[in-house]
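Going left to right, the sequence shown walks through residues 1 to 244 as full-length UniProt numbering numbers them.
Note that the Cβ used here is the ideal one computed from N, Cα and C, for glycine as well.
For reference, the structure is listed below as structure tokens.
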Amino acid sequence: MECPFSILTACPPSLSSPSKRFSYLYRMNTPLIISPGAEAYAQSFTAPEAGLLQEIARFTQTAHPHAHMLSGQVQGKFLSFISTIQRPRYVLEIGTFTGYSALCLADGLSPEGELHTIECREEDATTARNYFSKSKRNHQIHLHIGNAAEIIPTLSHQWDLVFMDADKTGYIGYYEQIVPKLSKNGIILADNVLFHGQVMEDPITGKNAKAIHAFNEHVKKDPRTEQVLLTIRDGLLMIKKRAE
1 MECPFSILTA
11 CPPSLSSPSK
21 RFSYLYRMNT
31 PLIISPGAEA
41 YAQSFTAPEA
51 GLLQEIARFT
61 QTAHPHAHML
71 SGQVQGKFLS
81 FISTIQRPRY
91 VLEIGTFTGY
101 SALCLADGLS
111 PEGELHTIEC
121 REEDATTARN
131 YFSKSKRNHQ
141 IHLHIGNAAE
151 IIPTLSHQWD
161 LVFMDADKTG
171 YIGYYEQIVP
181 KLSKNGIILA
191 DNVLFHGQVM
201 EDPITGKNAK
211 AIHAFNEHVK
221 KDPRTEQVLL
231 TIRDGLLMIK
241 KRAE
């Protein structure tokens, strides 16, 4: 296929074959279930990233073998908008990666607010901590390293905003840990709920795709909450408690 908006998607001219371009776009954080042209168009009409976020994105895309895990400009700006609209006191992130999404989520923290982010990989946590130290929100960000399922019960806060972007087989467990601690107007955002389109296959074969589909079904059937699935990037499930 052609690579529309080549400047925005940054497909080098040397990548002439469709397979090479798809591989490049995936590695550079362009989701394949959304057409590259639509994604590029969305980027062109989304407010640009702040300088520190651009720095994180450049590093991740050039030096990290899993660059496709980066939230990126469009999703990052959405996270920032939700945070600034909500003005949360307590934010929880499961899956720090290189720190991009945490800084987006921190944008709307109240002056006394705290963001707790959990990362299981030491190397990524070290990278994120380095970038956090450059942020004016550094004093409000608490980075935890280890198993999220073990760390979450040790945090006693009522969560106003939660972003789940970690191991897909753990989503249901994390959800069940979080819902009882969700504030009255709290929101859970679960990433990758379309999982590269694999959840739409029949039958679903991949382990992670099966886990995500099971999670989507679990949330759909939960009488405590209601949800909307947004087709942003790789799918974002927005969940809130039902009105009592």
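Report task. Please look up how many angstroms separate the CB atoms of residue 87 and residue 110, rounded, as I've assumed it's under 8 angstroms. Result -> The residue you call residue 87 lines up with position 87 of the sequence shown. The residue you call residue 110 lines up with position 110 of the sequence shown. About 5 angstroms separates the two Cβ atoms, so the contact holds.
Query - DSSP state of residue 232 mapped onto helix, strand, coil - result: Working through the sequence shown from its first residue, we reach residue 232 at position 232. Looking at residue 232 - three-state DSSP - the assignment turns out to be coil, as it is neither helix nor strand.
Requested in this report: Give a yes or no on contact between the segment 59 to 74 and the segment 90 to 101, applying the rule of three or more CB pairs nearer than 8 angstroms.
Outcome: These segments touch.
Query raised in the report: By Cβ distance, which residues of its chain are closer than 7 angstroms to residue 213, with the 5 residues on each side in sequence left out?
Result: Position 213 of the sequence shown holds residue 213. These residues qualify, in order along the chain: 199, 204.
Query raised in the report: Do you know offhand how far residue 140's Cα is from residue 115's?
Result: Looking up residue 140 in the sequence shown gives position 140. Looking up residue 115 in the sequence shown gives position 115. Going from the Cα of residue 140 to the Cα of residue 115 covers about 6 angstroms.
Query raised in the report: Where does residue 109 fall in DSSP's three states?
Result: Counting from 1 along the sequence shown, the entry for residue 109 is found at position 109. Assigned with DSSP and collapsed to three states, residue 109 falls in coil, not helix or strand.
Query raised in the report: Would you call the CB atoms of residue 104 and residue 135 closer than 8 angstroms?
Result: Translated into the one-based positions of the sequence shown, residue 104 becomes position 104. Translated into the one-based positions of the sequence shown, residue 135 becomes position 135. Their beta carbons are not under 8 angstroms apart, which means residue 104 does not touch residue 135 by this criterion.
Query - Completely contained beta strand (DSSP E) runs for the segment 79 to 160, where each covers 3 or more residues - result: You should have 90 to 94, 114 to 119, 141 to 145.
Requested in this report: Ignore the nearest five residues each way along the sequence and tell me which others in residue 238's own chain have a CB closer than 7 angstroms to its CB.
Outcome: Walking along the sequence shown from the start, residue 238 turns up at place 238. Here the set comprises 187, 189, 227, 228, 230.
Report task. Return the CA-CA distance between residue 61 and residue 55, expressed in angstroms with no decimal places. Result -> Numbered from 1 along the sequence shown, position 61 holds the residue referred to as residue 61. Numbered from 1 along the sequence shown, position 55 holds the residue referred to as residue 55. Approximately 10 angstroms between the Cα atoms of the pair.
Query raised in the report: Which partner residues of residue 163 appear in the DSSP bridge assignment?
Result: Within the sequence shown, the letter at position 163 stands for residue 163. Bridge partners of residue 163: 93, 189.
**Report entry** Neighbour-count burial assignment, residue 85, 16 or more Cβ in a 10 Å radius
**Finding:** Residue mapping note: residue 85 aligns to position 85 of the sequence shown, counting from 1. Looking at its Cβ environment, which holds fewer than 16 other Cβ atoms inside 10 Å, residue 85 is exposed.
Query raised in the report: Where does residue 44 fall in DSSP's three states?
Result: Mapped onto the sequence shown, residue 44 falls at position 44. Three-state result, residue 44: helix.
Query raised in the report: Helix or strand or just coil, what does DSSP make of residue 33?
Result: In the sequence shown, the residue the question calls residue 33 occupies position 33. It is coil, neither helix nor strand.
Query - Straight-line gap, residue 159 to residue 240 (C-alpha atoms, nearest Å) - result: Translated into the one-based positions of the sequence shown, residue 159 becomes position 159. Translated into the one-based positions of the sequence shown, residue 240 becomes position 240. Taking the straight line from one Cα to the other gives about 11 angstroms.
Requested in this report: Compute the distance between the beta-carbons of residue 167 and residue 236, then report whether it is under 8 angstroms.
Outcome: Taking the sequence shown and counting its residues from 1, one reaches residue 167 at position 167. Taking the sequence shown and counting its residues from 1, one reaches residue 236 at position 236. No, the Cβ-Cβ distance between residue 167 and residue 236 is not below 8 angstroms.
Query raised in the report: What do you get for residue 233, buried or exposed, if any count of 16 or more other CB atoms within 10 angstroms of its CB means buried?
Result: Here the question's residue 233 lines up with position 233 in the sequence shown. That one is buried.
Requested in this report: Identify whether residue 176 lies in helix, strand or coil by the three-state DSSP scheme.
Outcome: Within the sequence shown, numbered from 1, the residue matching residue 176 stands at position 176. Residue 176: helix per DSSP, three-state reduction.
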